[in-house]
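Q:
Number of protein chains: 2
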Amino acid sequence: MTMSDVARHAGVSRTTVSFVLNDKPGAAIPEETRRRILEAIDELGYRPNAGARALAANRSGWFGLITEIVTGPFATEVITGAQSRAWGDRRFLLIAASEGDPAQEAAALDQMLEHRVEGLLYATSWHRAVTLPKAAREVPTVLVNCYDAEGELPCILPDEVSGGYKATRRLLDAGHTRIGFINLDPAIPAAIGRREGYERALREAGITPDPSLVVPGWATADSAYTAACELLDRPAGDRPTALFCGNDRMAMGAYDAIKERGLRIPHDVAVVGFDNQELIAAYLRPKLTTLALPFEAMGTKGIDMLAALAAGQPLDTRQVTIDCPLLERSSV
Amino acid sequence: MTMSDVARHAGVSRTTVSFVLNDKPGAAIPEETRRRILEAIDELGYRPNAGARALAANRSGWFGLITEIVTGPFATEVITGAQSRAWGDRRFLLIAASEGDPAQEAAALDQMLEHRVEGLLYATSWHRAVTLPKAAREVPTVLVNCYDAEGELPCILPDEVSGGYKATRRLLDAGHTRIGFINLDPAIPAAIGRREGYERALREAGITPDPSLVVPGWATADSAYTAACELLDRPAGDRPTALFCGNDRMAMGAYDAIKERGLRIPHDVAVVGFDNQELIAAYLRPKLTTLALPFEAMGTKGIDMLAALAAGQPLDTRQVTIDCPLLERSSV
DNA sequence: ACACGGAAGTAACGCGCGTTATTAAAGCGC
DNA sequence: GCGCTTTAATAACGCGCGTTACTTCCGTGT
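First to last, the sequence lines map onto chains A and B. With my numbering applied, the first sequence covers 424 to 755. With my numbering applied, the second sequence covers 424 to 755.
1. Distance check for F718(A) and G468(A), CA to CA, integer angstroms please.
2. The stretch 537-549 of chain B: which residues have C-beta closer than 9 Å to a C-beta of chain A, in chain order?
3. Does M728(B) have its Cβ less than 8 Å from a Cβ in chain A?
4. Would G725(B) be called buried (16 or more neighbouring beta carbons within 10 Å of its own) or exposed?
5. Using a 10 Å radius around the Cβ and a threshold of 16 neighbouring Cβ atoms, would you call S521(A) buried or exposed?
6. Taking the alpha-carbon positions, what's the A546(A) to T499(B) distance?
7. Is the shortest distance between the beta-carbon of T490(A) and the beta-carbons of chain B less than 8 Å?
8. Please classify W641(A) as buried or exposed, where buried requires at least 16 neighbouring CB atoms within 10 angstroms.
9. Taking E462(A) as the reference, give the member of A473(A), V440(A), D533(A), G474(A) with the closest Cα.
10. Using a cut-off of 8 Å between C-beta atoms, extract the partners of G495(B) located in chain A.
11. Counting only the same chain and skipping the five closest in sequence on each side, list residues whose C-beta sits under 6 Å from that of P612(B).
12. Name the chain A residues whose beta carbon is nearer than 7 Å to that of L702(B)?
13. So which of C747(A), G616(A), L655(A), K682(A) has the shortest CA-CA distance to D698(A)?
14. So what does V553(B) bridge to, in DSSP terms?
15. Express the C-alpha separation of V584(B) and A665(B) in angstroms, rounding to a whole number.
16. If contact is defined by three or more beta carbon pairs under 8 Å, each pair taking one atom from either stretch, is the stretch 487-494 of chain A in contact with the stretch 500-509 of chain B?
17. Is the beta carbon of L594(A) less than 8 Å from the beta carbon of N670(A)?
18. Going by DSSP, what residue range makes up the alpha helix (DSSP H) through L595(B)?
19. From R514(B) to R470(B), what distance separates their C-alpha atoms?
20. Are the C-beta of I502(B) and some C-beta of chain A separated by less than 8 Å?
21. What's the call for I455(B), buried or exposed, on a 16-neighbour Cβ count within 10 Å?
22. Starting from the beta carbon of A477(B), find every residue of chain A whose beta carbon is closer than 8 Å, and list them in chain order.
23. Can you give, in chain order, each stretch of the alpha helix (DSSP H) that sits fully within the stretch 424-455 of chain B and has at least 4 residues?
24. Considering only residues of the same chain and omitting the five flanking positions on each side of A552(A), which have a CB-CB separation below 7 Å?
25. Pull up the distance between the alpha-carbon of D582(A) and that of L749(A), whole angstroms please.
26. Anything in the stretch 653-687 of chain B with a Cβ closer than 7 Å to a Cβ of chain A? List those residues in chain order, please.
27. Which class does A715(A) belong to by DSSP, given the choice of helix, strand or coil?
28. Less than 8 Å separating the beta-carbons of E541(B) and I489(B)?
29. Do the stretch 637-657 of chain A and the stretch 670-686 of chain B meet, that is, are 3 or more Cβ pairs less than 8 Å apart?
30. For P471(A), which residues in chain B fall below 9 Å Cβ to Cβ?
31. Can you tell which of S548(A), A559(A), T554(A) has its C-alpha closest to the C-alpha of Q534(A)?
32. By the three-class DSSP mapping on this structure, what secondary structure does T649(A) have?
33. Here's the rule: buried if 16 or more other CB atoms are within 10 angstroms of the residue's CB, otherwise exposed. What is E622(B)?
34. Between R684(B) and the rest of its own chain, which residues show a CB-CB distance below 7 Å, the 5 nearest in sequence each way excluded?
35. Give, in chain order, every unbroken run of the alpha helix (DSSP H) that is at least 4 residues long and sits entirely within the stretch 461-495 of chain B.
36. Contact criterion: CB-CB distance below 8 Å. Does W510(B) meet it with respect to chain A?
Okay, structure coming up:
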């Protein structure tokens, strides 16, 4: 089923069919002819061949998306965001997972370039610096949830500082003044940014941050459990009445420590998590108030930036940050 | 950068380059010529154009994958499985989400057909019957985690019966004889199959299934909490010493009911979940022993079947079931 | 009557590549 | 020296489509 078949069936030339299909401006097609052609298309069940069209028009319509892992909530949200924006624009996503393996990453990139992607999105599962294979320079590239170690490629990052600020602010607003912070590995950008926000919120409220209330953890429930025990076992008047946790899994560990001590959430101890891992946050009892990493928004924004770059437009900003929304549930 | 450029640079014809690139059998290419060509490719940084190649060879290399939701663990695992198998075979996945909307589903299907996918995978988030748009018949199609209401399309399903059997068997082996079963909605295939397996295991152990030990739930932690309370509040000697839950979220609710009563897991009450939702199962305390739905395996199997169909080979079975592996953790 | 401009439609080229049919050269036996 | 096979390489066609340049036809004004 090709365009020629349609043309023959409608008694016109293939060119005319093409004009109709593409609403070619400047082509004068009488209503009657157009109708005949559309009818023929319908009767024959003709579908344009996207590949051939791409070849002739020299526009593949593809964007590439490379993530470390396809599994896991982060990637799926980025994919969802990018996907919805792309399809709406009749563009398509070639998705690949590097599985953290540079060889696979290079192979994926090769395939994408062979498919003539018009842009590339590179997303990581956690906020950090990355270095891309040189081949990535051959095509407009935008980093998602990571930034170029060489500082050249544009990137989209979550606003960690504002996230830490909002979490802390929420607890302050609920009347808490001794707020424990079970942070992530203190060396990573997320931990640094959130701590900055945490401290700023405290200072704004006239509270001098107490470093002993900040305990580093290692992103696991167990490590957070230990950290929470340490904080909760401080002498009564000095014990924090609220815990801000580096992620939801850690909040899970904190919950256990709190419950074990016969304390109640949120009455005795309030908890705020981070990441909004639905499966945890929405099913913990009580449900967890947490901040969401805006993966989906970063995905759509990524496609927007790529579309602009692919169209040759310059970028207004080389680094955009996206807000982490606070999701109110029942733990504050 | 086209093949002609390479040919010119190597001092041969485009045809020869093509032969080298495709290892054309029957084409006699002296080592020296081949070397010159490969060198030219390297120097020019030439990459074949996948689209043009597909057009000429009349093999798109694409498979389509339609899921209801991209977000959520099920889809990502199917994608991972399909993806890895497909890329290994130099085939690619055009992924779309229907979001449960028939219009979007039809649109996605249209796009896939325009991209001349050589096969279609259709996956659902939960085991049930589906009816596909007629257009799906235009291309080899395999259903994943669902089956054709009209019974025509081949499908891949989790072995629910064996799953229920294995869960129950595991608890029996641990010495339990009164095993409560907090099931899913009793009308769905998963609930029916697992109950069948549950009862078979009991009978094999010489135990007559007690219907009052089977409580339906609604796939939420709350509903399972209620159900678990009901079972745990039976008189002492009649209380189940183990709970088999319809999914991990429900196990989460059961955990709460158990802990509330001062009972310990697994000493007083053992728990087995279903679905292996990592974020829950691996971070509950104690970690949850559960059965995994073999989404990834179903994805790879799906690609295998599509590859066979696309190659014109007949299928040995129209319905294949895949085992649900038991993941031992600490709740039994 | 003629030139002219616009409407309607088409032939023909090229996108980058796979593939077939064909040619040119080289090797070989006699 | 001549036919014949093998080796090495290429010209040419087609995949399905976008696009440009061109043709034909008709109505209008003078």
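Beta carbons: idealized from backbone N, C-alpha and C, even for Gly.
A: On the basis of the data shown:
1. Position 45 of the first sequence, counting from 1, holds the residue named residue 468(A). Position 295 of the first sequence, counting from 1, holds the residue named residue 718(A). Cα to Cα, the separation comes out at about 39 Å.
2. E537, H538, R539
3. Locating residue 728(B) in the second sequence gives position 305, where the first residue counts as 1. So no, M728(B) is outside the interface.
4. To locate residue 725(B), count along the second sequence from 1; it is residue 302. Buried, by the Cβ-count rule.
5. Translated into the one-based positions of the first sequence, residue 521(A) becomes position 98. Burial call: buried.
6. As a position in the first sequence, residue 546(A) is number 123, starting the count at 1. As a position in the second sequence, residue 499(B) is number 76, starting the count at 1. Their backbone Cα atoms lie some 16 Å apart in a straight line.
7. Residue numbering aside, residue 490(A) sits at position 67 when the first sequence is read from its first letter. No, T490(A) does not count as interfacial toward chain B.
8. As a first step, residue 641(A) is located in the first sequence; it is residue number 218 there, counting from the start. Exposed.
9. The count along the first sequence starts at 1 and reaches residue 462(A) at position 39. Closest option to E462(A), Cα to Cα, is V440(A).
10. If you number the second sequence from 1, residue 495(B) lands on position 72. Ordered by position in chain A, the residues that pass the 8 Å Cβ test against G495(B) are T499.
11. By one-based count along the second sequence, residue 612(B) stands at place 189. So the list reads H550, once near-sequence residues are dropped.
12. Indexing the second sequence from 1 puts residue 702(B) at position 279. Residues of chain A passing the Cβ test: Q700, L702, I703.
13. Within the first sequence, the letter at position 275 stands for residue 698(A). Ranking the options by Cα distance to D698(A), first place goes to C747(A).
14. For the purposes of this step, residue 553(B) is taken as the residue at position 130 of the second sequence. D571(B).
15. Taking the second sequence and counting its residues from 1, the one referred to as residue 665(B) is at position 242. Taking the second sequence and counting its residues from 1, the one referred to as residue 584(B) is at position 161. If you take the alpha carbons of A665(B) and V584(B), they lie about 19 Å apart.
16. yes
17. Within the first sequence, numbered from 1, the residue matching residue 594(A) stands at position 171. Within the first sequence, numbered from 1, the residue matching residue 670(A) stands at position 247. Against a cut-off of 8 Å, the Cβ pair of N670(A) and L594(A) comes out as no contact.
18. Looking up residue 595(B) in the second sequence gives position 172. L595(B) -> alpha helix (DSSP H) spans 583-596.
19. Counting from 1 along the second sequence, the entry for residue 514(B) is found at position 91. Counting from 1 along the second sequence, the entry for residue 470(B) is found at position 47. C-alpha separation (whole angstroms): 17 Å.
20. Within the second sequence, residue 502(B) is the residue found at index 79, counting from 1. Yes, contact with chain A.
21. Stepping through the second sequence from its first residue, residue 455(B) is reached at position 32. It is Glu, not Ile, that sits at residue 455(B) in the sequence shown. Under this definition E455(B) is an exposed residue.
22. Within the second sequence, residue 477(B) is the residue found at index 54, counting from 1. Within chain A, the residues near A477(B) are G474.
23. 426-433, 437-445
24. Numbered from its first residue, the first sequence carries residue 552(A) at position 129. Excluding positions up to five away in sequence, the list reads C569, Y570, A572.
25. The residue you call residue 582(A) lines up with position 159 of the first sequence. The residue you call residue 749(A) lines up with position 326 of the first sequence. Approximately 12 Å, taken between the alpha carbons.
26. R672, M675, D679
27. Working through the first sequence from its first residue, we reach residue 715(A) at position 292. If DSSP states are grouped into helix, strand and coil, A715(A) belongs with the strands.
28. Residue mapping note: residue 541(B) aligns to position 118 of the second sequence, counting from 1. Residue mapping note: residue 489(B) aligns to position 66 of the second sequence, counting from 1. Cβ distance not < 8 Å, so E541(B) and I489(B) don't count as in contact.
29. no
30. The residue you call residue 471(A) lines up with position 48 of the first sequence. Those within 9 Å of P471(A) in chain B are E537.
31. Along the first sequence, read from residue 1 onward, the residue named residue 534(A) stands at position 111. Checking every option, the nearest Cα to that of Q534(A) belongs to A559(A).
32. By 1-based counting over the first sequence, the position of residue 649(A) is 226. Three-state DSSP puts T649(A) in a helix.
33. In the second sequence, the residue the question calls residue 622(B) occupies position 199. Under this definition E622(B) is a buried residue.
34. One-based indexing of the second sequence puts residue 684(B) at position 261. Answer for R684(B): L655, listed in chain order.
35. 473-480
36. Stepping through the second sequence from its first residue, residue 510(B) is reached at position 87. True, the Cβ-Cβ gap to chain A drops below 8 Å.
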